[in-house]
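What follows is a short report on a single structure.
Residue numbers (the working numbering), protein chains in the order written: chain A, 14 to 471; chain B, 14 to 471.
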């Protein structure tokens, strides 16, 4: 008797054209979450995936609020309580497709060219979430699911997942699972399966520097009143030293240094200076001395100016000595930095360096801790084993520069770990024109998921 | 036989109530130049002063374009070609009166309280320009004018005198004069007549620093892409040293140092730290080491940030690594600095200090040279003598921190020097609520002008 997994893998290989065709149908719906004029499309895209889950035979299928960005829920718990329960996460909303004229084919008329399926949302992330549907269908075609599953497919990821915290808080029982599978973090190369095991946290501040009571004439008072914009620049400039290190007192005290094994692991990633320069268009590389670019993004904290504003910024000239200047400043945090401690370090820096010629105010706007997954959890091991089988090499463990809201909310609200992986490639043009899903990788992804579900059930 | 000047002085003393009453009539017209909804008021205010000049018996009275801010011209050239011809400058437009609730009486219902006449425009500058009308009327009541006069009264001073250059260029013959009398620069104290003999120039730039091709996610790329906002802050911060001196290479090379006599003269001005702090509301004094506050404003060049802009400046948080950052930067120039040379110094600084991780662009937006009047011209000597007679002490020569457009345009377009003086006091609340004209000073101003016209005709 053939093992059910082999039958499922066979089914998935036989049904590739149908999978792509059905995915293409979903991709015709322009479910742009940031636009209110796409509200009907949001409903259609949610209904489409809900119907697909019903057709799979899942139960409890329901669209949860908000109506503008419904959250699709479905479940099948037939594997029984001795088997793990997996929360399957995805989002059906997509980025706007503009500028349309840079697309070689219509963004919402999915088109296969070469090995790729071109459409907005193809790899971010209707393709990856549909790969789960394909894997489950392949298994169910020949038997029962080896694990219990619950789906949570949201419509607001591209706008920052604002509705998830309330949904999670209200539906703890519905979401009771052992872990979450999140196929939204992608791969670093087509031949290199990837699991994201860490995400930097953030502490985000607004710093305001006040000088004179009101804007002054720069002729009448320039030279005797300390210009708050100049003071702000002095303060910001002093926050880094000449080696790109952050000067806030104690900032690096708690930063966890990676051991040589972990650094060697990161060094495996095929990401070099040239590829970063090409991706960003920056004229030259920059960063903290002593660390590779991958390490600078993944394991080192940073301090960024996200915004600056002061005085006159319109066209032409206005001879104003501004009354105040503002900077948005955020730090990306790594384990084991604490955002409250970082706030204290920033305040200590300002206390020491802000001159008596100005007043300053600091507001904390947001803070999220860094997250690290247990690399040796059974879920990560299972995904690692499945990927090793399909790709013939073990996955790399990556560290995301920024946090993914759902991963953080799951951890903070439900105490749930996520296995973060995916099939989107670096050249998949996410959020850009000509977004594309590499179909051979998509097929490998379906096979990986089939193997993963059996693996994790052992 | 009484000297005509004595009769004129007597007339002016006898008619003070009438002068104040008629000035009050003009002050009821809210000629706010910056507001299009005050266009009819602008016309009324221009017509009012034109009628007053006609009643004086002046000829050639005409309202010149633009219609939105008419320039009032009038002349009387009866004194003959052997007598000097004086261009009498003024403006009938006023600043907006908001915030209205901070006024103790209605801004356009002139009210005498104590020794002051309260109204928007009372001292800036319907009062001072009307003092010329009063002086001429006092002289004409008993005889002929000792000098030839031409009036040029504009309606756009509070918006930067944008219409004057074209008017001057088109009307060179009409404006042919020996010098200009401009009573718009005021006094440093009620007992200290003042003549402004220098104005700082300006060189105004926009500096743009470019990094990545487009705004980046600060999580994905923070730490490997040099943040243009941070680079801009570094560059701006480096433009001053710890003594408040400007670091652009060669910036002070041509700066003319005052001799000890001139510094002693400036030290006479009753302007101290406390008064500047009260005026500006700045928490503490600041400025270039080694110079007094009056010197920092009058004789030392400065570099100011007039505006800053980069990335996200709205409410809340956006985790953007900005693609570019902009600063408006201007230098106040003193004799003998050259704005073209200053531009070269700024470029040299940027060449040396801007890192290879960014690109930068610099645009020059405006430049005006510093001006210095000849302190010993017959016109300045005549004003000095008249003020000495009226106040019993010789005037102080002041240096304005900023340029006055009309003075610069007259010098640049017509090669004409101005005698800059006036009767507005430092606590006259110019551009602020409860603007007021100190009436005893106003009366002294009229007498000064009567004496000045006879003095300058000698």
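Where a beta carbon is used, it is the ideal one built from N, C-alpha and C, also for glycine.
Beta-ladder partner(s) of residue i, from DSSP
{"i": "residue 341 of chain A", "result": "A:219, A:320"}
{"i": "residue 193 of chain A", "result": "A:100, A:431"}
{"i": "residue 129 of chain B", "result": "B:126, B:451"}
{"i": "residue 229 of chain A", "result": "A:334"}
{"i": "residue 424 of chain B", "result": "Beta-bridge pairing links residue 424 of chain B to no other residue."}
{"i": "residue 379 of chain B", "result": "B:217"}
{"i": "residue 253 of chain A", "result": "A:259"}
{"i": "residue 461 of chain B", "result": "Looking at the DSSP assignment, residue 461 of chain B forms no beta bridge with any residue, so it has no partner."}
{"i": "residue 374 of chain A", "result": "A:221"}
{"i": "residue 238 of chain B", "result": "B:235"}
Endpoints, the alpha helix (DSSP H) within which residue i is located
{"i": "residue 247 of chain A", "result": "241-250"}
{"i": "residue 306 of chain B", "result": "306-311"}
{"i": "residue 207 of chain A", "result": "Run containing residue 207 of chain A: none in the alpha helix (DSSP H); it sits in the beta strand (DSSP E), 207-212."}
{"i": "residue 36 of chain B", "result": "29-40"}
{"i": "residue 147 of chain B", "result": "140-153"}
{"i": "residue 394 of chain B", "result": "391-404"}
{"i": "residue 293 of chain A", "result": "286-293"}
{"i": "residue 107 of chain A", "result": "Note, residue 107 of chain A: premise wrong, no alpha helix (DSSP H); not H, not E."}
{"i": "residue 325 of chain A", "result": "Segment: none, residue 325 of chain A is in no alpha helix (DSSP H) and carries neither H nor E."}
{"i": "residue 178 of chain A", "result": "177-183"}
{"i": "residue 352 of chain A", "result": "352-366"}
{"i": "residue 280 of chain B", "result": "273-280"}
{"i": "residue 65 of chain A", "result": "52-69"}
Residue interval of the beta strand (DSSP E) (run including residue i)
{"i": "residue 85 of chain A", "result": "84-89"}
{"i": "residue 268 of chain A", "result": "No beta strand (DSSP E) contains residue 268 of chain A, which DSSP labels as neither H nor E."}
{"i": "residue 166 of chain A", "result": "161-167"}
{"i": "residue 411 of chain A", "result": "409-413"}
{"i": "residue 77 of chain B", "result": "72-77"}
Below-8 Å beta-carbon distance, residue i vs any chain B residue
{"i": "residue 339 of chain A", "result": "yes"}
{"i": "residue 253 of chain A", "result": "yes"}
{"i": "residue 233 of chain A", "result": "yes"}
{"i": "residue 331 of chain A", "result": "yes"}
{"i": "residue 517 of chain A", "result": "Residue 517 of chain A lies beyond the residue range present for chain A, which begins at 14 and ends at 471; the question has no answer from this structure."}
{"i": "residue 347 of chain A", "result": "no"}
{"i": "residue 7 of chain A", "result": "Nothing in the structure corresponds to residue 7 of chain A, since chain A is present only between 14 and 471."}
{"i": "residue 334 of chain A", "result": "yes"}
{"i": "residue 57 of chain A", "result": "no"}
{"i": "residue 296 of chain A", "result": "yes"}
{"i": "residue 239 of chain A", "result": "yes"}
{"i": "residue 425 of chain A", "result": "no"}
Any chain A beta carbon closer than 8 Å to residue i
{"i": "residue 230 of chain B", "result": "yes"}
{"i": "residue 367 of chain B", "result": "no"}
{"i": "residue 315 of chain B", "result": "yes"}
{"i": "residue 195 of chain B", "result": "no"}
{"i": "residue 211 of chain B", "result": "no"}
{"i": "residue 301 of chain B", "result": "yes"}
{"i": "residue 362 of chain B", "result": "no"}
{"i": "residue 415 of chain B", "result": "yes"}
{"i": "residue 322 of chain B", "result": "yes"}
When the options are compared against residue i, the one with the closest alpha-carbon
{"i": "residue 156 of chain B", "options": "B:16, B:265, B:95, B:292", "result": "B:16"}
{"i": "residue 19 of chain B", "options": "B:162, B:463, B:163", "result": "B:463"}
{"i": "residue 87 of chain A", "options": "A:134, A:53, A:170, A:189", "result": "A:189"}
{"i": "residue 171 of chain A", "options": "A:346, A:137, A:27", "result": "A:137"}
{"i": "residue 419 of chain B", "options": "B:33, B:440, B:179, B:29", "result": "B:179"}
{"i": "residue 60 of chain B", "options": "B:152, B:132, B:75, B:206", "result": "B:75"}
{"i": "residue 101 of chain B", "options": "B:28, B:115, B:55, B:164", "result": "B:164"}
{"i": "residue 253 of chain B", "options": "B:288, B:301, B:297", "result": "B:301"}
{"i": "residue 24 of chain A", "options": "A:148, A:91, A:52", "result": "A:148"}
{"i": "residue 441 of chain B", "options": "B:130, B:36, B:54", "result": "B:130"}
{"i": "residue 363 of chain A", "options": "A:342, A:50, A:423", "result": "A:342"}
Short CB-CB distance (under 8 Å) between residue i and chain D
{"i": "residue 47 of chain A", "result": "Among the protein chains of the structure shown, namely A and B, there is no chain D."}
Item checked: Cβ contact (3+ pairs, closer than 8 Å) linking the region 196-213 of chain B and the region 112-129 of chain B -> no
Notebook entry, point to check: Between the region 233-241 of chain A and the region 255-264 of chain A, are three or more C-beta pairs nearer than 8 Å?
Noted result: no
Notebook entry, point to check: Are at least three pairs of beta-carbons, each pair with one atom in the region 292-300 of chain A and one in the region 224-235 of chain B, less than 8 Å apart?
Noted result: yes
Margin query: Under 8 Å: do the region 400-413 of chain B and the region 69-86 of chain B share three or more Cβ pairs, one atom per stretch?
Written below: no
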